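Engineer:
Protein chains: 2
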Amino acid sequence: MTQSLLQDIKVTKTENSKISQVDFNNLSFGSTFSDHMLVCDYKNGTWEAPEVIPYQPISLDPSSKIFHYGQSIFEGMKAYKDENGDVFLFRPLDNFKRLNISAKRLAIPELPEAFFMEGLKTLLEVDKNWIPTTQGSSLYIRPFVFASGKGFHASPADAYKFIIATAPSGSYFAGKVKVLIEEKYSRSANGGVGYAKAGGNYAGQFYPTQLAVAKGYNQVIWTDDNKHEYIEEAGAMNIFVRINDSLLTAPTNDRILDGITRKSIIEIAKQEGINVEVRPISVTEVVNAAKNGSLKEMFGAGTAAVISPISVFGYQGTDYTLPELDNDYASSLKKRITDIQYNRSEDPFGWRIKL
Amino acid sequence: MTQSLLQDIKVTKTENSKISQVDFNNLSFGSTFSDHMLVCDYKNGTWEAPEVIPYQPISLDPSSKIFHYGQSIFEGMKAYKDENGDVFLFRPLDNFKRLNISAKRLAIPELPEAFFMEGLKTLLEVDKNWIPTTQGSSLYIRPFVFASGKGFHASPADAYKFIIATAPSGSYFAGKVKVLIEEKYSRSANGGVGYAKAGGNYAGQFYPTQLAVAKGYNQVIWTDDNKHEYIEEAGAMNIFVRINDSLLTAPTNDRILDGITRKSIIEIAKQEGINVEVRPISVTEVVNAAKNGSLKEMFGAGTAAVISPISVFGYQGTDYTLPELDNDYASSLKKRITDIQYNRSEDPFGWRIKL
Ligand SMILES: Cc1ncc(COP(=O)(O)O)c(C=O)c1O
Ligand SMILES: Cc1ncc(COP(=O)(O)O)c(C=O)c1O
Numbered sequence: 001m002t003q004s005l006l007q008d009i010k011v012t013k014t015e016n017s018k019i020s021q022v023d024f025n026n027l028s029f030g031s032t033f034s035d036h037m038l039v040c041d042y043k044n045g046t047w048e049a050p051e052v053i054p055y056q057p058i059s060l061d062p063s064s065k066i067f068h069y070g071q072s073i074f075e076g077m078k079a080y081k082d083e084n085g086d087v088f089l090f091r092p093l094d095n096f097k098r099l100n101i102s103a104k105r106l107a108i109p110e111l112p113e114a115f116f117m118e119g120l121k122t123l124l125e126v127d128k129n130w131i132p133t134t135q136g137s138s139l140y141i142r143p144f145v146f147a148s149g150k151g152f153h154a155s156p157a158d159a160y161k162f163i164i165a166t167a168p169s170g171s172y173f174a175g176k177v178k179v180l181i182e183e184k185y186s187r188s189a190n191g192g193v194g195y196a197k198a199g200g201n202y203a204g205q206f207y208p209t210q211l212a213v214a215k216g217y218n219q220v221i222w223t224d225d226n227k228h229e230y231i232e233e234a235g236a237m238n239i240f241v242r243i244n245d246s247l248l249t250a251p252t253n254d255r256i257l258d259g260i261t262r263k264s265i266i267e268i269a270k271q272e273g274i275n276v277e278v279r280p281i282s283v284t285e286v287v288n289a290a291k292n293g294s295l296k297e298m299f300g301a302g303t304a305a306v307i308s309p310i311s312v313f314g315y316q317g318t319d320y321t322l323p324e325l326d327n328d329y330a331s332s333l334k335k336r337i338t339d340i341q342y343n344r345s346e347d348p349f350g351w352r353i354k355l
Numbered sequence: 001m002t003q004s005l006l007q008d009i010k011v012t013k014t015e016n017s018k019i020s021q022v023d024f025n026n027l028s029f030g031s032t033f034s035d036h037m038l039v040c041d042y043k044n045g046t047w048e049a050p051e052v053i054p055y056q057p058i059s060l061d062p063s064s065k066i067f068h069y070g071q072s073i074f075e076g077m078k079a080y081k082d083e084n085g086d087v088f089l090f091r092p093l094d095n096f097k098r099l100n101i102s103a104k105r106l107a108i109p110e111l112p113e114a115f116f117m118e119g120l121k122t123l124l125e126v127d128k129n130w131i132p133t134t135q136g137s138s139l140y141i142r143p144f145v146f147a148s149g150k151g152f153h154a155s156p157a158d159a160y161k162f163i164i165a166t167a168p169s170g171s172y173f174a175g176k177v178k179v180l181i182e183e184k185y186s187r188s189a190n191g192g193v194g195y196a197k198a199g200g201n202y203a204g205q206f207y208p209t210q211l212a213v214a215k216g217y218n219q220v221i222w223t224d225d226n227k228h229e230y231i232e233e234a235g236a237m238n239i240f241v242r243i244n245d246s247l248l249t250a251p252t253n254d255r256i257l258d259g260i261t262r263k264s265i266i267e268i269a270k271q272e273g274i275n276v277e278v279r280p281i282s283v284t285e286v287v288n289a290a291k292n293g294s295l296k297e298m299f300g301a302g303t304a305a306v307i308s309p310i311s312v313f314g315y316q317g318t319d320y321t322l323p324e325l326d327n328d329y330a331s332s333l334k335k336r337i338t339d340i341q342y343n344r345s346e347d348p349f350g351w352r353i354k355l
């Protein structure tokens, strides 16, 4: 982080910092917002210069297309502070690339790399003191783009807003999760937008998730929309299944988000000598493995929750309980990835970026 | 429309009407907005009293869930003015019911009927002069609901806004449309949200539609996401196919919007003695009918475009041209439905509601 970046991007600082009101020892996830945000407007066919301004409300015409046609995409990443107060990002370029993959599918103009990367670094420099240091906490970073252009006509907007806002956050889930393997509802279609981080993919999950919660589960595991035969992913996590000593995860496709945690876990596991199989995982295979005792672990993997072990999965009215292991993959893989993220270990993969 | 309604719903009128700036003889679709809007907030577990206020920007926190998770739904309807200046709505209760069907699927709290119906009537009374009378034009009405509640957590919001805004509008499409039968991309999944008027369903169509436009088509005809074997619907229209003298349309299901124009056309056609078949329509059947000359017509049906005749459909690199008929169903059905809507004929079905 050098002075030059701050010179490139205009920064207007708040006169009323809220930081003294925040209890950094009791942070929930994504509900306290830092003092500043990066904003960047797309108008007349071009992305204008990004600026850092005080976190503040956005004013939009009622006909702005975000309200009507769901033209919105986002990313989720974190900034980590180590014991020396140095700040790190984890594979941020992959978030930038994925944002543009999402942009293309949602007919949103792609962003220049420098606007994203330099904008992010400038914002983090300005709000450095908002990055928490308590165990397990981090600064959750939310880059997002939405259609601000006007008109009640179902067609792409002519104006967009790119914003990065941040939220000092504690952990996403407390403890293990109970999941329900979905047999009726679906998250995404073949040829649809499931591989994009598009707003609409999330809203569609809320109702089926509420139904699952009413039955005592925390999360839904999505299956293919055709026959609900294969396990795909969870609400905001990719899914791993350990059968005997092999670690399985579904291949990404146009229905599944290409998670950065997922691909990092695959690489770390391989380096640890674990047999990793990236292939379709049928529900039948998982149920049979649960019955014959070869199913050892299931866990979700994503930026927000890191690794989230599953204690129970429900399917067709039956609950299957996962065993409690001493040397589980979930714990050791979580330690490996968070040690890299928080600069507590070597980074043989070159994933960590110092601000 | 009685005075009592205006007494029930608080009305704040604008001091700067824009109506004198509008050229009512040259209206495009959905891009000029009337002076007022209805707003209604959901907070603390309840929908608060709706109000009519001047059309104005909406101010939202950057973490409002509409920006991130696509939690939004809408409706599309029209107000028609007859020669005497009387104002009519077409099956408005069906739009209200569908809005609540969409709300349920998107985990949005359902609206009380009176808020929708009385709110709409009050708004139209206030902006009565915005309803155009030139041939083919009407006041397009856009009720919508979106998540205003805050937080970077993929879960339903705790606050929502219901708004009705209106736009005096000319016709949606000029002339016949060329359509492309989609073989790769999809609009919706089995078990997904395709039957809801959810924002995300529209954004996902923009990119495939852009690709079709680049090839010289106006619209995509969506097919099932599994094998792209069956014709489902178009961007904002249901699809009808005439083979010999039978009129075919796909049954609605969880991937297809239950269009009010579609179901009205089915009833009118039946009353006219046309053989109507509501059943899956395979692409193969349509292509074969085009080849052997039994394919007489194809048209889209929806509130915005009313009935939109198709001149050409493209499939697997071949364009199939529809014949020009003298006594086409599209024209006579369009006349029947618009005559009912604009109070130019009897309404044997009881669809028209006078304000
Ligand atoms: C649908 C979905 N799947 C998986 C993930 C995990 O992706 P990542 O590891 O890049 O955070 C996320 C969250 O970002 C997600 O929203
Ligand atoms: C996806 C979709 N299909 C069909 C329709 C037609 O429905 P209606 O006739 O109720 O306007 C619409 C438009 O409202 C639509 O958005």
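Protein sequence lines, in the order shown, are assigned to chains D and R. The first sequence maps to residues 1 to 355 in UniProt numbering. The second sequence maps to residues 1 to 355 in UniProt numbering. Ideal placement from N, C-alpha and C gives every residue a C-beta, glycine not left out. Because the structure is a prediction, the values reported are computed rather than measured.
(1) Using a Cβ-Cβ cut-off of less than 7 Å, give me the residues of the segment 13–41 of chain R that come near chain D, in sequence order.
(2) Would the beta-carbon of D/Glu233 be found less than 7 Å away from any heavy atom of ligand 1?
(3) Taking D/Ala301 as the query, report the chain R residues whose CB atoms sit under 8 Å from its CB, ordered along the chain.
(4) Excluding the five sequence neighbours on either side, which residues of its own chain have a C-beta within less than 6 Å of the C-beta of D/Arg282, listed in chain order?
(5) Ignore the nearest five residues each way along the sequence and tell me which others in D/Tyr55's own chain have a CB closer than 8 Å to its CB.
(6) Listing by chain order, which chain R residues have their CB less than 9 Å from the CB of D/Ala330?
(7) Taking 7 Å as the cut-off, is the CB of D/Ile353 close to at least one heavy atom of ligand 1?
(8) To the nearest angstrom, report how far apart D/Met1 and D/Lys10 are at their CA atoms.
(9) Could you have a look at R/Asp339 and say whether DSSP puts it in helix, strand or coil?
(10) Mind checking if R/Leu123 is an interface residue toward chain D, Cβ cutoff 8 Å exclusive?
(11) Using a Cβ cut-off of 7 Å, which residues of the segment 62–77 of chain D contact any Cβ in chain A, in chain order?
(12) On the DSSP letters alone, give me the boundaries of the beta strand (DSSP E) that R/Leu123 sits inside.
(13) Counting along the chain, where does the alpha helix (DSSP H) carrying D/Lys97 start and finish?
(14) Over what stretch of residues does the beta strand (DSSP E) that includes R/Ser264 continue unbroken?
(15) Are at least three pairs of beta-carbons, each pair with one atom in the segment 16–24 of chain R and one in the segment 106–117 of chain R, less than 8 Å apart?
(16) Hey, out of D/Asn190, D/Lys184, D/Val193, D/Gly191, whose CA is closest to R/Gly191's CA?
(17) Is there at least one Cβ from chain D nearer than 8 Å to R/Ile163's Cβ?
(18) Tell me, please, whether the CB atom of R/Met1 is closer than 8 Å to any CB atom in chain D?
(19) Would you say the beta carbon of R/Lys128 is closer than 7 Å to some non-hydrogen atom of ligand 2?
(20) Which first and last residues belong to the beta strand (DSSP E) in which R/Lys161 is found?
(21) Short check: CB of R/Asn226 to CB of D/Asn201, under 8 Å?
(22) Run through the DSSP bridge pairs and tell me what R/Tyr140 is partnered with.
(23) Are the CB atoms of R/Ile141 and residue 363 of chain R within a distance shorter than 8 Å?
(24) Would you list, in chain order, the members of the segment 85–111 of chain R that have their beta-carbon closer than 8 Å to a beta-carbon of chain D?
(25) Using a threshold of 8 Å, state whether the C-beta atoms of D/Arg242 and D/Glu277 are closer than that.
(26) Is it the case that the CB of R/Leu93 approaches a heavy atom of ligand 2 more closely than 7 Å?
(27) Between D/Gly94 and D/Tyr195, is the Cβ-Cβ spacing less than 8 Å?
(28) Using 10 angstroms around the beta-carbon of R/Ser4, count the other beta-carbons present and answer buried if the total reaches 16, otherwise exposed.
(29) What would DSSP say about D/Asn44, mapped onto helix, strand or coil?
(30) According to DSSP, simplified to helix, strand and coil, what is R/Pro348?
(31) Would you report the Cα separation of R/Thr303 and R/Leu139, rounded to the nearest angstrom?
(32) Can you tell which of D/Asn16, D/Phe96, D/Arg336, D/Ile265 has its C-alpha closest to the C-alpha of D/Lys197?
(33) Could you give the residue range of the alpha helix (DSSP H) that holds D/Asn201?
(34) Please report the distance separating the alpha-carbon of D/Ile53 from that of D/Phe67.
(35) Is R/Leu257 close to chain D, meaning its C-beta is less than 8 Å from at least one C-beta of that chain?
(36) Can you pull the chain D residues whose beta carbon is under 8 Å from the beta carbon of R/Leu180, in chain order?
Structural biologist: Well, looking at it:
(1) Answer set for the segment 13–41 of chain R: Phe29, Gly30, Ser31, Phe33, Met37.
(2) A distance criterion of 7 Å places the beta-carbon of D/Glu233 in contact range of ligand 1, judged by its closest non-hydrogen atom.
(3) Within 8 Å of the CB of D/Ala301, no CB atom of chain R is found; the nearest one sits about 15 Å away.
(4) Here residue 282 of chain D is Ser; the residue named in the question, Arg, does not match the sequence. Glu229, Tyr230, listed in sequence order.
(5) Scanning its chain for C-beta atoms nearer than 8 Å, with the 5 sequence neighbours on each side dropped, one finds around D/Tyr55 the residues Thr14, Phe33, Ser34, Asp35, His36, Met37, Ala165, in chain order.
(6) Near D/Ala330 there are no residues of chain R at all, since even the closest Cβ is about 21 Å away, more than 9 Å.
(7) Not under cutoff, so the answer is no.
(8) Unreliable placement is indicated for D/Met1, whose pLDDT of 39 sits below 50; the coordinate value is still reported in the next sentence. Near 15 Å, if we compare the C-alpha coordinates of D/Lys10 and D/Met1.
(9) Of the three classes helix, strand and coil, the one that applies to R/Asp339 here is helix, per DSSP.
(10) No, R/Leu123 does not count as interfacial toward chain D.
(11) Among the protein chains of the structure shown, namely D and R, there is no chain A.
(12) Here R/Leu123 belongs to no beta strand (DSSP E); instead the alpha helix (DSSP H) covers 113–126.
(13) Residue range 92–105 is occupied by the alpha helix (DSSP H) that includes D/Lys97.
(14) Segment 260–271 is the alpha helix (DSSP H) holding R/Ser264; no beta strand (DSSP E) there.
(15) Judged by Cβ distances under 8 Å, the segment 16–24 of chain R makes no contact with the segment 106–117 of chain R, as fewer than three pairs qualify.
(16) Nearest option by C-alpha distance: D/Lys184.
(17) For R/Ile163, the answer is yes, since a Cβ of chain D falls inside 8 Å of its Cβ.
(18) Low local confidence applies: a pLDDT of 39 at R/Met1 is under 50, so the model's placement there is unreliable, with the coordinate-based value given in what follows. Cβ-Cβ to chain D under 8 Å: no for R/Met1.
(19) R/Lys128: no, Cβ never under 7 Å from ligand 2.
(20) That run of the beta strand (DSSP E) goes 160–169.
(21) Judged by their CB atoms, R/Asn226 and D/Asn201 are not nearer to each other than the 8 Å cut-off.
(22) DSSP lists R/Lys78, R/Ala167 as partners of R/Tyr140.
(23) Nothing about residue 363 of chain R can be reported from this structure: the residues present for chain R run from 1 to 355 only.
(24) Answer set for the segment 85–111 of chain R: Lys104, Arg105, Leu106, Ala107.
(25) Cβ distance not < 8 Å, so D/Arg242 and D/Glu277 don't count as in contact.
(26) Checking every heavy atom of ligand 2 against the Cβ of R/Leu93, none is found closer than 7 Å.
(27) Just to set this straight, residue 94 of chain D is Asp in the shown sequence, not Gly. No.
(28) Low confidence applies to R/Ser4: its pLDDT is 45, below 50, so where it sits in the model is not reliable, and the reading given next is rough at best. R/Ser4 should be labelled exposed.
(29) Per DSSP, reduced to three states, the secondary structure at D/Asn44 is coil, with no helix or strand assignment.
(30) Correct three-state label for R/Pro348: coil.
(31) Whole-angstrom Cα-Cα distance: 11 Å.
(32) D/Lys197 has its Cα closest to that of D/Phe96, out of D/Asn16, D/Phe96, D/Arg336, D/Ile265.
(33) Per DSSP, the continuous alpha helix (DSSP H) segment holding D/Asn201 begins and ends at 199–214.
(34) The straight-line gap from Cα to Cα measures roughly 24 Å.
(35) So, not an interface residue.
(36) Within chain D, no residue comes near R/Leu180; the closest Cβ sits about 14 Å away, beyond 8 Å.
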